[in-house]
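The block underneath contains the structure these notes are about, expressed in structure tokens.
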Amino acid sequence: MRCPFCGSEDSQVKDSRPSDENAAIRRRRVCADCGGRFTTFERVQLRELTVVKRSGRKVLFDRDKLSKSISVALRKRPIEPERIDRLVSGLVRQLESSGETEITSAEIGELVMAALRELDPVAYVRFASVYRDFRDAADFHAVLRELAADTRDPLDIVERFSSDRDEAAIQKKH
387 MRCPFCGSED SQVKDSRPSD ENAAIRRRRV CADCGGRFTT FERVQLRELT
437 VVKRSGRKVL FDRDKLSKSI SVALRKRPIE PERIDRLVSG LVRQLESSGE
487 TEITSAEIGE LVMAALRELD PVAYVRFASV YRDFRDAADF HAVLRELAAD
537 TRDPLDIVER FSSDRDEAAI QKKH
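Start counting at 1 in the sequence shown, then tack on 386, and there's your number in this note's numbering.
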């Protein structure tokens, strides 16, 4: 494993232990040349996935990029980091076990949106606003109506996302 500090390829494993509910191995390493300590994670990869972008360009699937985009949507939300890791692991497992080596970015986006919709409605709206490229407030209202239609108590969603001023504007239109 290449040292992130000096670039040397000579490092020793000092400690190994399972992590992510035994889905990965965490290894503490020490560089033989500079003495720098760093951590690596080893995960099972069923197959190498290629993401087909909307432009047709193909790139290797990057778990970290998926994790970062989900974390941005969940920023400042009351969701534990372990739960986010489990969500990402579940999505990656689902993608790898699909049997396909090429997957479209649209398919990944839809899977993420479905998972966030179940986990946290605010994160779902945040992710949807970027993924669906919202242009104005009407796009947000459409997603909120969609969420409200799927909720047992539609007023719950409307109340959580609307201010008194927004509600007054909605009432004025009707």
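Beta carbons: idealized from backbone N, C-alpha and C, even for Gly.
- Residue state for proline 404 is assigned as strand, using DSSP reduced to three classes.
- Secondary structure of isoleucine 470 (DSSP, three-state): helix.
- Taking the Cα positions, serine 515 is about 7 Å away from phenylalanine 526.
- In the displayed model, leucine 435 falls within coil according to three-state DSSP, outside both helix and strand.
- Within its own chain, the residues whose Cβ lies closer than 8 Å to the Cβ of threonine 487, once the five positions on either side in sequence are excluded, are Arg433, Glu434, Leu435 and Thr436, listed in chain order.
- Apart from the 5 residues on each side of it in sequence, threonine 426 sits with its Cβ closer than 7 Å to the Cβ of Met387, Arg413 and Arg415 in its chain, given in chain order.
- With fewer than 16 other beta carbons inside 10 angstroms of its own, phenylalanine 391 counts as exposed.
- If you look at arginine 412, you'll find it in the beta strand (DSSP E) that goes 410-417.
- Judged by DSSP secondary structure, leucine 446 falls within the beta strand (DSSP E) whose first and last residues are 444-446.
- Residue environment for alanine 418: exposed (fewer than 16 other C-beta atoms within 10 angstroms of its C-beta).
- According to the DSSP secondary-structure assignment, arginine 423 is paired through a beta bridge with Val416.
- Apart from sequence neighbours up to five positions away, the residues of its chain that approach glycine 422 with a beta-carbon distance below 8 Å are Cys389, Pro390, Phe391, Cys392 and Val416, ordered along the chain.
- Rounded to whole angstroms, the separation of the alpha carbons of leucine 473 and glutamate 466 is 11 Å.
- In this structure alanine 459 is buried. Its beta-carbon is surrounded by 16 or more other beta-carbon atoms within 10 angstroms.
- Looking at the DSSP output, serine 397 shares a beta bridge with Cys417.
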